[in-house]
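Asker: Protein chains in written order, with my numbering: chain A, 1 to 223; chain V, 1 to 223. All residues carry an ideal CB built from backbone N, CA and C; glycine is no exception. The following block contains the structure, expressed as structure tokens.
Shown next, in the form of structure tokens:
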């Protein structure tokens, strides 16, 4: 285990929680960062808080940044319906939130600079939602270039590294890693709905449930 | 005047207000965006609101994103003192807020994508605070590369353009432009302090007052 400090974006979902657990395996100090951005599924923040405790994070911050002020997504505008017909390849679904990852990573970089962190770990992956522009490898690479210029430490060559270990993984590989690391999958919240229990029909539930079944863990499915 | 839509980051200070007035001269629809980020000089938000009305902006949003949660700057951490010895060339003063411009531009891009805006206008300049890493031309250029990849419209070649018309201007040139455009300079708030009147001794007051005197407008100085 290194003496590095990692900032971890923790939505409370399966992917980010697995990425956090990977960081915890490597680094001594892991600081969680979650966002109250006006999301429909605000329930995920309860999961994030509980997981931050379970995973023994050094700090956990929930920052408010209300992207629902201008909407533009079914996750931040309740007048839009969630898609429930399954993922269509290369089409950006209306669950895409304009600028969300760009905003979240920027705030993560602010915290990273204040804490002199070495890494910023992200649970994003490009496989399941190939249409999202802000989950692609070239986007992340451009963000690293920006991060290297944006801060004093970056310009001096020891800035924060963006680390997206799940970028090229399929969901079933993420689940295998979560199981290996002992991630409490039952405590994570991936559902897009604002219900008390996972809906089982939104894209996020469908992808998660299908991969859990493939992994022989249908007992963890939403239905 | 074009039919373009511009998002304008409006701090309430002289620079951003001048940039907004430049955008208003060009574009029909200008939407103002300000940030309550835990700044010491929260007084600037009152100026921003008043200026948004005076400049007849189409909308004005104030978004909360509390960077004071982790401090790291004399503007967001009241235990640090503001510098009052004048600007030292190529030294980053403690008024630098980690990641601030990266966060603000990211949120601006979110609003820009939601409103299908053509431009995001910024009042930043690289002349007076040459030490700030996030006010330099190479930083802005890297952010444009990121913006082009971050959004659907950017990837299709018609994304939001970052426009920093004051980037290479000295403060006295900014004042000349403000006077030409009829910007109500007396309503702008540049001071870093949390006082009711500009302190006249912080870096921001010093640079502004010196340039106002050079421009023959000492009547607008803070003291």
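Under 9 Å, CB to CB, which of the residues in the stretch 89 to 108 of chain A have a partner in chain V?
Answerer: Hits within the stretch, in order: 92, 96, 97, 98, 99, 100, 101, 102, 103, 104, 105, 106, 107, 108.
Asker: Measuring CA to CA, which of V:109, V:192, V:203 is closest to residue 7 of chain V?
Answerer: As a working note, residue 7 of chain V is residue 7 in the second chain. The shortest C-alpha separation from residue 7 of chain V is found at V:109.
Asker: Compute the Euclidean distance between the alpha carbons of residue 53 of chain V and residue 70 of chain V, then round it to the nearest angstrom.
Answerer: Start at 1 with the first residue of the second chain, and residue 53 of chain V comes out as number 53. Start at 1 with the first residue of the second chain, and residue 70 of chain V comes out as number 70. Those two C-alpha atoms are separated by around 33 Å.
Asker: Can you give, in chain order, each stretch of the alpha helix (DSSP H) that sits fully within the stretch 90 to 176 of chain A and has at least 4 residues?
Answerer: Here the runs fully enclosed are 100 to 115, 137 to 150, 152 to 155.
Asker: Give a yes or no on whether the C-beta atoms belonging to residue 215 of chain V and residue 161 of chain V are separated by under 8 Å.
Answerer: Residue numbering aside, residue 215 of chain V sits at position 215 when the second chain is read from its first letter. Residue numbering aside, residue 161 of chain V sits at position 161 when the second chain is read from its first letter. No, the pair does not count as a contact, with Cβ atoms beyond the cut-off.
Asker: For residue 218 of chain V, which residues from the same chain have a beta carbon less than 7 Å from its beta carbon, with the 5 sequence-adjacent residues on both sides left out?
Answerer: The count along the second chain starts at 1 and reaches residue 218 of chain V at position 218. The residues are 212.
Asker: Can you pull the chain V neighbours of residue 70 of chain A, defined as C-beta to C-beta under 8 Å?
Answerer: What you label residue 70 of chain A is simply residue 70 of the first chain in a count that begins at 1. Per Cβ cutoff of 8 Å: 61, 110, 111, 114, 115.
Asker: So, residue 123 of chain A versus residue 113 of chain V, is the Cβ gap smaller than 8 Å?
Answerer: As a working mapping, residue 123 of chain A is identified with position 123 in the first chain. As a working mapping, residue 113 of chain V is identified with position 113 in the second chain. In this structure, residue 113 of chain V does not lie closer than 8 Å to residue 123 of chain A by Cβ.
Asker: Residue 65 of chain A versus chain V: which residues are under 8 Å apart at the beta carbon?
Answerer: The residue you call residue 65 of chain A lines up with position 65 of the first chain. Within chain V, the residues near residue 65 of chain A are 63, 64, 65, 107.
Asker: Looking at the structure shown, is residue 26 of chain A part of a helix, part of a strand, or coil, going by DSSP?
Answerer: Sequence index remark: in the first chain, residue 26 of chain A carries index 26 (1-based). It is helical.
Asker: Can you find at least 3 beta carbon pairs, one from the stretch 186 to 195 of chain A and one from the stretch 83 to 95 of chain V, that sit closer than 8 Å?
Answerer: Counting Cβ pairs under 8 Å, fewer than three are found: no touch.
Asker: Along the chain, where does the alpha helix (DSSP H) containing residue 9 of chain A start, and where does it finish?
Answerer: Position 9 of the first chain, counted from the first residue, corresponds to residue 9 of chain A. Careful: residue 9 of chain A lies outside any alpha helix (DSSP H), inside the beta strand (DSSP E) at 2 to 9.
Asker: Pull the bridge partners of residue 60 of chain V from the DSSP assignment, please.
Answerer: Here residue 60 of chain V corresponds to residue number 60 of the second chain, with the count starting at 1. DSSP output for residue 60 of chain V lists V:32 as bridge partner(s).
Asker: Using alpha carbons as the reference points, say which of V:151, V:40, V:202 lies closest to residue 78 of chain V.
Answerer: Counting from 1 along the second chain, the entry for residue 78 of chain V is found at position 78. The shortest C-alpha separation from residue 78 of chain V is found at V:40.
Asker: Which value, in whole angstroms, describes the spacing of the CA atoms of residue 46 of chain A and residue 10 of chain A?
Answerer: By 1-based counting over the first chain, the position of residue 46 of chain A is 46. By 1-based counting over the first chain, the position of residue 10 of chain A is 10. Using only the alpha carbons, I get a separation of about 11 Å.
Asker: In whole angstroms, what separates the C-alpha of residue 72 of chain A from that of residue 118 of chain V?
Answerer: Locating residue 72 of chain A in the first chain gives position 72, where the first residue counts as 1. Locating residue 118 of chain V in the second chain gives position 118, where the first residue counts as 1. About 16 Å.
Asker: Output yes or no for whether 8 Å exceeds the beta carbon distance between residue 91 of chain V and residue 131 of chain V.
Answerer: Along the second chain, read from residue 1 onward, the residue named residue 91 of chain V stands at position 91. Along the second chain, read from residue 1 onward, the residue named residue 131 of chain V stands at position 131. In this structure, residue 131 of chain V lies closer than 8 Å to residue 91 of chain V by Cβ.
Asker: Can you tell me which of the three DSSP states residue 195 of chain A falls into?
Answerer: Sequence index remark: in the first chain, residue 195 of chain A carries index 195 (1-based). Coil, per DSSP.
Asker: Return no unless some Cβ of chain A is closer than 8 Å to the Cβ of residue 142 of chain V.
Answerer: Your numbering for residue 142 of chain V matches position 142 in the second chain. Judged by the 8 Å Cβ criterion, residue 142 of chain V is in contact with chain A.
Asker: For a test of the three-state rule: what should DSSP assign to residue 185 of chain V, helix, strand or coil?
Answerer: For this step, residue 185 of chain V is matched to residue 185 along the second chain. If DSSP states are grouped into helix, strand and coil, residue 185 of chain V belongs with the helices.
Asker: Can you find the residues in the same chain that come closer than 7 Å, C-beta to C-beta, to residue 94 of chain V, ignoring five residues on each side of it along the sequence?
Answerer: Position 94 of the second chain, counting from 1, holds the residue named residue 94 of chain V. Closer than 7 Å at Cβ, skipping near neighbours: 73, 74, 80, 83.
Asker: If you check the beta carbons only, do residue 164 of chain A and residue 106 of chain V fall under 8 Å apart?
Answerer: For the purposes of this step, residue 164 of chain A is taken as the residue at position 164 of the first chain. For the purposes of this step, residue 106 of chain V is taken as the residue at position 106 of the second chain. No.
Asker: Answer yes or no: do residue 166 of chain V and residue 15 of chain V have a C-beta to C-beta separation smaller than 8 Å?
Answerer: Locating residue 166 of chain V in the second chain gives position 166, counting from the first residue. Locating residue 15 of chain V in the second chain gives position 15, counting from the first residue. Contact flag set, yes.
Asker: Any idea what DSSP makes of residue 65 of chain A, helix, strand or coil?
Answerer: Within the first chain, the letter at position 65 stands for residue 65 of chain A. Residue 65 of chain A: coil per DSSP, three-state reduction.
Asker: Determine, using beta carbons only, whether residue 52 of chain A comes closer than 8 Å to chain V.
Answerer: Locating residue 52 of chain A in the first chain gives position 52, where the first residue counts as 1. Chain V contact via Cβ: absent.
Asker: Between which residues of its own chain and residue 50 of chain V is the CB-CB distance below 7 Å, once the five residues before and five after are set aside?
Answerer: Within the second chain, residue 50 of chain V is the residue found at index 50, counting from 1. Excluding positions up to five away in sequence, the list reads 187.
Asker: Considering Cα atoms alone, identify which of V:20, V:60, V:76, V:144 is closest to residue 66 of chain V.
Answerer: In the second chain, counting from the first residue as 1, residue 66 of chain V sits at position 66. Closest by alpha carbon: V:76.
Asker: Measuring only between beta-carbons, confirm whether residue 134 of chain A sits less than 8 Å from chain V.
Answerer: The count along the first chain starts at 1 and reaches residue 134 of chain A at position 134. Taking Cβ atoms only, chain V reaches closer than 8 Å to residue 134 of chain A, which makes this a yes.
Asker: Is there a Cβ from chain A that is less than 8 Å from the Cβ of residue 6 of chain V?
Answerer: By 1-based counting over the second chain, the position of residue 6 of chain V is 6. Taking Cβ atoms only, chain A never reaches closer than 8 Å to residue 6 of chain V, which makes this a no.
Asker: Does residue 188 of chain A get closer than 8 Å to chain V when you measure Cβ to Cβ?
Answerer: Along the first chain, read from residue 1 onward, the residue named residue 188 of chain A stands at position 188. So, not an interface residue.
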